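If you read the sequences in order, they're chains A and B.
Every letter in the first sequence is one number past the one before it in the numbering used here, and letter 57, counting from 1, is 57.
Every letter in the second sequence is one number past the one before it in the numbering used here, and letter 143, counting from 1, is 383.
Quick notes on the structure that follows.
Protein chains: 2
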Amino acid sequence: MADIDILAGEDPDAYARLSVCVDIVLMGVRKGAPCALLLRRGAAPFAGHAALPGGFVGAREALEDAARRVLRDKAGLLDVRCEQLYTFGEVARDPRRRIVTVAWLALLAPAAIEAALEANPELLCATLAVPEGDCSGDSAVLDPTGARLPLAFDHEQILTLALERLRGKLDYTAVGFDLLPPFFTLRQLQDVHEAIRGSALNKPAFRRRMIDKGWITPTGTRETRTSHRPAELYRFRGMT
Amino acid sequence: MADIDILAGEDPDAYARLSVCVDIVLMGVRKGAPCALLLRRGAAPFAGHAALPGGFVGAREALEDAARRVLRDKAGLLDVRCEQLYTFGEVARDPRRRIVTVAWLALLAPAAIEAALEANPELLCATLAVPEGDCSGDSAVLDPTGARLPLAFDHEQILTLALERLRGKLDYTAVGFDLLPPFFTLRQLQDVHEAIRGSALNKPAFRRRMIDKGWITPTGTRETRTSHRPAELYRFRGMT
DNA sequence: TGACTTATATGCGCCTCAAAAATAAGTAAA
DNA sequence: TTTACTTATTTTTGAGGCGCATATAAGTCA
């Protein structure tokens with residue numbers, strides 16, 4: 001913290017106070033592709049563009065509490081895994097005035113996506129189209145009709161970073177399970193991984209890796225209503 | 241960003257403005273152990289405790305620019321790799337008033353450590369003692385005499401996170417090279433890795449791994465002034 | 001010159017893991 | 001009832017990475 005000599009005795013109000021807000025990337029996997037929940041802006045600047053749900057941080061509110069408040073008020077979600085992503089503070093990122101934003105990444109299971117869309121009809125579920133083969137380039141943000149969706153402020157940069165973070169953590173953390181229902185087949189788990197990575201995986205190898213990690217346990221029950229051999233349902237057990 | 245409806249038309253000053261500052265973890269490896277450069281606080285709160293160098297973010301200053309300014313003003317350093325670490329915003333983290341801090345991690349080669357200590361004699365080089373064997377526990381911060389050094393605010397938490405981040409990136413990024421002089425032996429590189437990890441590595445395997453990665457090239461020159469066979473000097477070539 | 005120290009190169013066995021092939025369990029159609 | 005079809009699951013095989021041990025090289029110092 002801080003300029004020690006100065007902080008000690010002088011008037012706190014002599015220093016700049018900035019607006020601080022939180023923006024939440026509500027991310028999930030739907031129809032085999034990563035997606036994010038956005039709001040369409042009505043007023044300038046960036047009227048008509050899509051933006052991440054967000055809100056100002058209160059004077060007596062912790063950053064994480066602000067993120068949870070936005071999650072609750074804008075999407076009706078209470079128990080969602082939410083981690084800090086990055087803090088964006090370019091001077092001109094908002095043309096009106098200086099705003100520093102702390103971006104958070106929330107991971108949504110399919111049921112949570114639908115619940116949020118129902119809780120707030122203003123939300124739209126945008127698809128993040130990963131460029132085929134090349135996963136370094138920026139991902140295109142598409143609206144439900146498949147049209148390119150322009151984003152407000154630096155929110156496209158934030159979305160890109162969110163997807164990169166998710167991709168990076170996929171192999172050595174349990175993030176994949178937050179994007180699935182409590183019971184799932186290995187095929188569903190693989191689909192989620194492939195959607196985030198943007199590339200295919202070898203099936204037997206994926207299966208063995210997942211089982212050997214010890215994070216999942218078979219439930220003994222099987223899929224129903226398939227027109228082929230039903231797959232075993234697994235459940236996330238937790239990391240050691 | 242932001243509560244769209246509200247942001248659009250109302251008075252910006254109706255919302256909380258917070259003090260925002262940057263704190264820099266100046267990290268390096270010295271005498272086979274990770275270390276960080278700290279300042280001793282003179283005034284309350286936490287008088288006599290050590291603290292990270294930091295400063296307030298100006299109203300028209302980007303976060304990264306603020307970090308570079310602190311790096312320059314407090315340690316005389318100009319060309320240092322510096323990445324954002326995490327943003328801390330607990331309400332009571334500073335007992336005087338609400339301050340949100342964006343923590344940054346700067347990686348220092350041995351020469352940069354010495355240069356900083358000379359540029360600002362107030363700086364002290366604290367050793368981060370990784371608990372033997374168990375790298376999950378918090379690392380103790382020791383002053384040059386080996387005594388435990390109490391830290392101000394939540395700065396111990398920030399230091400611990402910095403070391404964890406460094407450890408996590410060690411294997412798949414080039415962070416190790418930022419902690420070494422431009423020319424180095426494989427033994428020096430291994431010492432840095434072992435210091436960050438807090439555990440020993442197998443020598444031939446480490447050597448093979450590093451060479452196979454293709455990140456380093458032999459320079460053809462050798463160590464001098466050794467009392468044994470001199471080692472080849474390598475140099476970082478960059479990642480592909 | 002020979003002892004000593006550390007760097008460097010090589011060989012071996014184990015474990016991980018990707019890819020392919022083989023087998024199992026359902027549905028749908030003949 | 002049988003056969004074709006689809007997808008799940010298991011087994012096999014081979015390549016590569018890595019830890020460990022050993023052998024050799026290149027300096028200093030007594």
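Quick reminder that beta carbons are idealized off the backbone N, C-alpha and C, glycines included.
Owing to the predicted nature of the structure, the values given are computational and were not obtained by experimental measurement.
Residues of the stretch 178 to 189 of chain A with Cβ closer than 8 Å to any Cβ of chain B, in chain order
none
List the residues of chain A that B/Gln397 touches, going by C-beta distances under 9 Å, in chain order.
None at all; the shortest Cβ gap to chain A is about 12 Å.
In chain order, what residues of the same chain lie with their CB nearer than 6 Å to the CB of A/Leu124, ignoring the 5 residues before and after it?
Beyond the five residues adjoining it in sequence on each side, A/Leu124 comes within less than 6 Å, by CB distance, of Leu38 in the same chain, given in chain order.
Straight-line Cα distance separating A/Lys169 from A/Ala140:
Taking the straight line joining both Cα atoms gives about 21 Å.
Tell me the DSSP secondary structure of A/Ala109 in three-state form.
In the three-state scheme derived from DSSP, where H, G and I count as helix and E and B as strand, A/Ala109 is classed as coil.
Closest Cα partner of B/Lys271 within the set B/Leu399, B/Gly386, B/Leu318, B/Phe446:
B/Gly386
Per DSSP, cross-strand counterpart(s) of A/Phe184:
A/Tyr234
Proximity below 8 Å, CB of B/Gly288 to CB of B/Arg280:
yes
Find the residues of chain B that neighbour A/Glu90, judging by a C-beta separation of less than 7 Å, and give them in chain order.
Ala302
Does the contact criterion of 3 or more C-beta pairs under 8 Å hold for the stretch 352 to 367 of chain B versus the stretch 226 to 238 of chain A?
Cβ pair count under 8 Å is below three, so no.
Taking the alpha carbon of A/Phe56 as the point to measure from, which residue in A/His193, A/Ala116, A/Asp23, A/Gln188 has its own alpha carbon closest?
A/Asp23
For B/Arg257, return the contacting residues in chain A, with the cut-off set at a CB-CB distance below 9 Å.
Residues of chain A passing the Cβ test: Ala16, Arg17, Leu18, Ser19, Val20, Ala59.
Below-8 Å beta-carbon distance, B/Val265 vs any chain A residue
no
Residues in the same chain with beta-carbon distance under 8 Å from B/Ala343, minus the five sequence neighbours each way, listed in chain order, please.
Val262, Asp263, Ile264, Val265, Leu292, Gln324, Leu325, Tyr326, Thr327, Phe328, Ile398, Leu401, Ala402
Considering Cα atoms alone, identify which of A/Val175, A/Ala50, A/Gly28 is closest to A/Arg148.
A/Ala50
Which class does B/Thr341 belong to by DSSP, given the choice of helix, strand or coil?
strand
CA-to-CA distance, B/Leu317 to B/Glu463, given in whole angstroms
28 Å
Taking the alpha helix (DSSP H) that A/Pro241 falls in, what are its first and last residues?
Within the shown structure, residues of chain A are numbered from 1 to 240, placing residue 241 of chain A beyond reach of any answer.
By Cβ distance, which residues of its chain are closer than 6 Å to B/Gly460, with the 5 residues on each side in sequence left out?
none
Applying a beta-carbon distance threshold of less than 7 Å, which residues of chain A neighbour B/Thr457?
Within 7 Å Cβ-Cβ: nothing; B/Thr457 doesn't reach chain A, min ~24 Å.
Can you list, in chain order, the residues of its chain with a C-beta nearer than 8 Å to that of A/Gly238? Leave out the 5 residues immediately preceding and following it.
Ala174, Trp215
Does the beta carbon of B/Arg338 sit closer than 8 Å to a beta carbon anywhere in chain A?
yes
Straight-line gap, A/Tyr234 to A/Leu71 (C-alpha atoms, nearest Å):
28 Å
Counting only beta-carbon separations shorter than 8 Å, does A/Arg197 have a partner in chain B?
The C-beta of A/Arg197 comes no closer than 8 Å to any C-beta of chain B.
Throw me the rounded Cβ distance for the A/Arg167 and A/Arg197 pair, which I believe falls under 8 Å.
6 Å
With a threshold of 8 Å on Cβ separation, who are the neighbours of A/Ser19 within its own chain once the five nearest residues in sequence on each side are excluded?
Phe56, Arg97, Arg98, Ile99, Val100
Span of the beta strand (DSSP E) holding B/Phe296?
294 to 296
Is A/Arg81 near A/Ala116, with beta carbons less than 8 Å apart?
No, the pair does not count as a contact, with Cβ atoms beyond the cut-off.
Can you tell me where the alpha helix (DSSP H) holding A/Glu90 begins and where it ends?
First-last for A/Glu90: undefined, no H or E at that position.
Examine chain A for any beta-carbon lying closer than 8 Å to the beta-carbon of B/Thr400, and answer yes or no.
no
CB contact below 8 Å: A/Ala2 versus chain B
Reliability of the predicted coordinates at A/Ala2 is poor, the pLDDT of 42 falling under 50, and the value obtained from them is presented with this limitation in mind. So, interface residue.
First and last residue of the beta strand (DSSP E) that includes B/Thr400?
Here B/Thr400 belongs to no beta strand (DSSP E); instead the alpha helix (DSSP H) covers 395 to 409.
Would a C-beta distance cut-off of 8 Å place B/Asp418 and B/Ala349 closer than the cut-off?
yes
Under 9 Å from the C-beta of B/Asp446: neighbouring residues of chain A
Before going on, a small fix: residue 446 of chain B reads as Phe here, not Asp. The premise fails here: B/Phe446 is roughly 21 Å from chain A at the closest Cβ pair, so nothing lies under 9 Å.
If I'm right that B/Leu368 touches B/Ala276 with Cβ under 8 Å, what's the distance once you round it to whole angstroms?
6 Å
Whole-angstrom distance between B/Asn442 and B/Arg449, CA atom to CA atom
11 Å
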